[in-house]
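Student: Every number in the numbering used here is 559 more than the matching position in the sequence shown, counting from 1.
Think of the CB as a built atom: it goes at the ideal place given N, C-alpha and C, for glycine as much as any other residue.
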Amino acid sequence: MTTAIRIPIVEVPADPRRGLGLLEVLGPTGKVALPLAGVAIRARVVDRIAEVEVEQRFKNGFPEALEATYVFPLGGAAAVSSFEMRVAGRTVMGKVEEREEARRDYAEALAAGKRAALLEQERNDVFTLQVGNIPPGEEATVRISYAERLPCFEDGEAELRLPLVVAPRYIGGEPLERAPAGSGTALDTDRVPDASRLSPPRLAPGFDPKVAVSVEVELFRDSPEATFEGLSCSQHATRTSSGPESIRVALARSDEPLDRDFVLRFRLARKGVRTTLLVHRGPEESVAFLSLIPPAREGFLGAARDVVFVVDRSGSMEGIKMVSASRACGLLLRTLAPRDRFAIAAFSDGVEWMGGTPSFSAADEHGQEQGERWLREIQAHGGTELDSALGQALSAFDARKDAAGRAAVVVLLTDGQVGDEAGVLRRLQRELGAARVFCVGIDTAVNAGLLTRLASLGGGTSSFVEPGAALEEALRSISREIGEPLLVALAIEDVDAGLVASSLAPQRLPDLFAGRAAFAAFRVSGPGRVRVKAKWNDGRPFEEIVEGRATPLAAVAQIWARARVADLEDKFRLGESEAKKEILTLALRYSLLTRFTAFVAVDGEVVNLGGVRRQVTQPVAMPAAWVDRLTLQERMSSRGSRGLAIPVKGPFKVYGMAPEMTVAGALSPKFSEMTRGISEPAPAIYAGASVADEGGGEEDLEAALALLVAAMTEARADLGAGRIPPVEPLERARIAVLDALATSSAGQRMPALQRFLRAGLVELIAALRSKTPLHDVVQLFELRAKELEEAKREARGAMGLTSRAEFWEATI
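Rendered as structure tokens:
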């Protein structure tokens, strides 16, 4: 029997009209037309630094030119510094530009019929890639290179996390009445103005997109006596090979789904894992990377603690994740001493406190048993209002009695799947006070970027565990860190390395917790020594001199630049607009991808005259342990979201996002019962459902305008070369814009554009056809070009693009 699987794609047929459509794959041998054909990841780990290359291969199985959009993750602290596109046997190097300029260059290249690729950053760990004008039957491959420092510990243990899928994120707020910023399934809202760029469509359960996947990690020994122990990959089967200089770890299978993080943990087994200072000498300057291992101190207890455990019980935590979060909280609760106090808050749409109010209980045997009983009763449901939950947790410290001498600590246990990251980070910056924040991420595809930044701003640490993992071992390091650090008031002084004090990143140097390495980076004149000064928690001084060691790793400079950008983003979030200029200067100098910059690569060959193309947004898998199911309560928890997903363990049926059907397509009784009483159900945008084009026409008009700009650019080039340009591209673009104006709700607010199309451009085309002398044509062309610039500004304002183009500034 032939089976049809239907999944949503975003496409533009002959007339470039955008909307969610359906792709049918007929039978087990039917042709799969999804563009993503392969993903290959190669990582090199040297001196606690990972250099990673990600290759993505796209194939056009359609009969017309293709533009593919792919929303994917990279490491949460990734310093992306290289981007290239390979097409038709050629390699085109991408260049970093201001984001709006790069987007404009990409659109104009596509309108001119050229192959092009655009890479943008949406969050610390979420990226959007667009590859356009891939001819029928051809392939395009992009390569992204980034560097990242690895978390490591005094016992030599380190962790490399390579994320493979963007998980669904909770979208709060009121929908915006404008064209979406992206091609995803969620509505942009006032709190998450780029929600449509964080919500790619999802593959139907069981559907195989036929993506060839390979992951290979090479661990280099930094000295002859160094060996690796405890190699483990918690979520994938791997094969290992060893050589004289390194160990290679690779996926055992090439058909692994892209539905969970690749997590490799290992331990460098040698005596004296110690503080190191790596110095990379560049062509213009040298940059140093300091990895600080805290000294051992037996019997360290620190001050008594008041700990607020904040447990995520939103719908995305249902199933094994909720069990793991409750159990992890219970295990951490058991590490507290009788002199400590605690409170527990569980949050989804709202916040519920153990005991009904945010009050602290003694962490004695009775209190711990009471806490464990309460944790066992937590059920997952609703949205993920992390912002308000964090605010309530911080406010709980203000109402304490007998708080003198007690350390205020927040421990957040969550998957971190929220869209409004900027609001959460801003809250922490403004309301942290004397508290510290520690994050425990629990998911198969955790939002490590957000949780790492939260912990950094909160003066704590972040750790990640997989649902169902051996929690006792995973939480061992976390439990000894919660509370006060070993060393505070850290300072780095120059001895003879030529340290540039103003270049320190992070600017607020981290405190050192027992067993966990911290890092700092800065500019120096060359290899030399620096002095690390700090205070023990009891006030006694600490000092250590560290000798620099030259390294060929260019990643050192990239990691420093990325850390500087993170500091500047924190300033920008609090209203320091000058920080944007500094970010742009750094990014352009170090070829660094940021929220204000983008990579663009344009191939010079014209392969799609007219620029008409099919647009497809690559659907992605649900993370492992998640399932497409939507209840009324989740549906109503976030008006700005078209759908949430809830994880379960074991076999499942999909009856929320893809309604279970009976004969002749009628809804099954189960689904009918679920939806009874829903007056305005949110549209289903997941596998098995389709959404009609909601109109507006702004996307079509934007594309047509890009086509017109490209045609005018080509005409100017011809005139500059002393040639009369052909009229066909200009006439074709004029008709395309007029057609788009006819269907755009904003068309009536563009009188300057209407005049240009119906008068000015018509006159220019007539002059070109009538063999007017070249000198006169050039003068006329420049007049009309000025009219077009005015018309473009008017059109962008009418379509809301002036504000929409800055959506990324509101999400930092």
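To which residues of the same chain is Asp871 closer than 7 angstroms at the C-beta, ignoring the five residues directly before and after it?
Tutor: Ala884, Phe906, Thr943, Leu972, Thr973 and Asp974, listed in sequence order.
Student: Using only CA atoms, which one of Gly653, Arg649 and Tyr629 lies nearest to Ser640?
Tutor: Gly653
Student: Look up Leu677 in the DSSP assignment and give the residues it is bridged to.
Tutor: Gln689 and Val1159
Student: Distance, Cα to Cα, Ala638 vs Phe1158?
Tutor: Going from the Cα of Ala638 to the Cα of Phe1158 covers about 13 angstroms.
Student: So, Ala1344 versus Arg1291, is the Cβ gap smaller than 9 angstroms?
Tutor: Cβ distance not < 9 angstroms, so Ala1344 and Arg1291 don't count as in contact.
Student: Just to confirm the assignment, what range does the alpha helix (DSSP H) spanning Pro1288 have?
Tutor: Going by DSSP, Pro1288 is part of the alpha helix (DSSP H) stretching over Glu1287 to Thr1302.
Student: Buried or exposed: Arg1173, going by 16 or more other Cβ atoms within 10 Å of its Cβ?
Tutor: buried
Student: Using the Cβ count rule (16 or more neighbours within 10 Å means buried), how would you classify Lys673?
Tutor: buried
Student: Report, in whole angstroms, the separation of the C-beta atoms of Pro1178 and Arg761, which I expect to be a contact under 8 angstroms.
Tutor: 6 angstroms
Student: What number of angstroms, rounded off, separates the C-alpha of Glu1346 from the C-alpha of Trp1367?
Tutor: As the crow flies, the alpha-carbon of Glu1346 is around 29 angstroms from that of Trp1367.
Student: Straight-line CA distance for Thr1156 to Val770?
Tutor: 29 angstroms
Student: Helix or strand or just coil, what does DSSP make of Ala1077?
Tutor: strand
Student: Spell out a yes or no on whether the stretch 1097-1105 and the stretch 1131-1139 are touching, meaning 3 or more CB-CB pairs, one atom from each, closer than 8 angstroms.
Tutor: Because the criterion of three Cβ pairs below 8 angstroms is not met, the stretch 1097-1105 and the stretch 1131-1139 do not touch.
Student: Identify which residue in Leu953, Ala1004 and Gly765 has its Cα closest to the Cα of Val968.
Tutor: Distances from the alpha-carbon of Val968 to those of Leu953, Ala1004 and Gly765 put Leu953 closest.
Student: Among all the DSSP beta bridges, which residues are the ones paired with Ser920?
Tutor: Phe901
Student: Of the residues Glu667, Asp753, Leu849 and Ile703, which one's Cα is nearest the Cα of Leu709?
Tutor: Leu849
Student: Which word fits Arg1293, buried or exposed, when buried means at least 16 other C-beta atoms lie within 10 angstroms of its C-beta?
Tutor: buried
Student: Short check: CB of Arg826 to CB of Gly878, under 9 angstroms?
Tutor: no
Student: Identify every residue that forms a DSSP beta bridge with Leu778.
Tutor: Its beta-bridge partners are Val604 and Ile806.
Student: Checking 9 angstroms against the spacing of the C-beta atoms, do Leu723 and Asp818 come in under that value?
Tutor: yes
Student: Taking just the CA atoms, how far does Pro897 sit from Glu924?
Tutor: 8 angstroms
Student: In its own chain, which residues sit with a C-beta less than 8 angstroms from the C-beta of Met881, not counting the 5 before and 5 after it?
Tutor: Arg872, Ile937, Gln938 and Ala939
Student: Closer than 7 angstroms by C-beta to Met913: which residues in its own chain qualify, once you throw out the five before and the five after it? Chain order, please.
Tutor: Excluding residues within five positions, the ones whose Cβ falls inside 7 angstroms are Ala902, Ile903, Gly930 and Trp933.
Student: Quick one: using the 10 Å Cβ neighbour count with 16 as the cut-off for buried, is Ala1109 buried or exposed?
Tutor: exposed
Student: How far does the beta strand (DSSP E) with Val1336 in it reach, from first residue to last?
Tutor: It is not in any beta strand (DSSP E) - Val1336 instead sits in the alpha helix (DSSP H) that spans Leu1333 to Ala1357.
Student: Starting from Asp1053, follow its DSSP beta bridges and name the residues at the other end.
Tutor: Val1089
Student: Which same chain residues end up closer than 7 angstroms to Ala1225 when comparing Cβ atoms and leaving out the 5 residues on each side of it in sequence?
Tutor: Caution is warranted here: a pLDDT of 29 is assigned to Ala1225, below 50, making its placement in the model unreliable, and the coordinate value is therefore given only provisionally. Non-local C-beta neighbours of Ala1225 in its own chain, meaning closer than 7 angstroms and more than five positions away in sequence, are absent.
Student: Can you pull the DSSP bridge partners for Cys711?
Tutor: Ala717
Student: Buried or exposed, going by whether 16 or more other CB atoms sit within 10 Å of the CB of Ser1200?
Tutor: Confidence in Ser1200 is poor, its pLDDT being 40 and thus under 50, which makes the residue's placement unreliable; the coordinate value appears in the next sentence. It counts as buried.
Student: How long is the line joining the alpha carbons of Pro768 and Ala699, rounded to whole angstroms?
Tutor: 18 angstroms
Student: What does DSSP give as the partner residue(s) for Met652 in the beta ladder?
Tutor: Glu643
Student: Could you spell out where the alpha helix (DSSP H) holding Ala1397 opens and where it closes?
Tutor: Only positions 560 to 1371 of the chain appear in this structure, which leaves residue 1397 out of reach.
Student: Note down, in chain order, each residue of its chain lying with its Cβ closer than 6 angstroms to the Cβ of Glu718, except the 5 sequence neighbours on either side.
Tutor: Pro710 and Arg824
Student: Whole angstroms are fine: how far does the CA of Ile1371 sit from the CA of Ala1180?
Tutor: The straight-line gap from Cα to Cα measures roughly 26 angstroms.
Student: Flag this pair as touching only if the stretch 1038-1049 and the stretch 1065-1085 have three or more C-beta atom pairs under 8 angstroms; answer yes or no.
Tutor: yes
Student: Which first and last residues belong to the alpha helix (DSSP H) in which Phe1131 is found?
Tutor: Ala1114 to Arg1132
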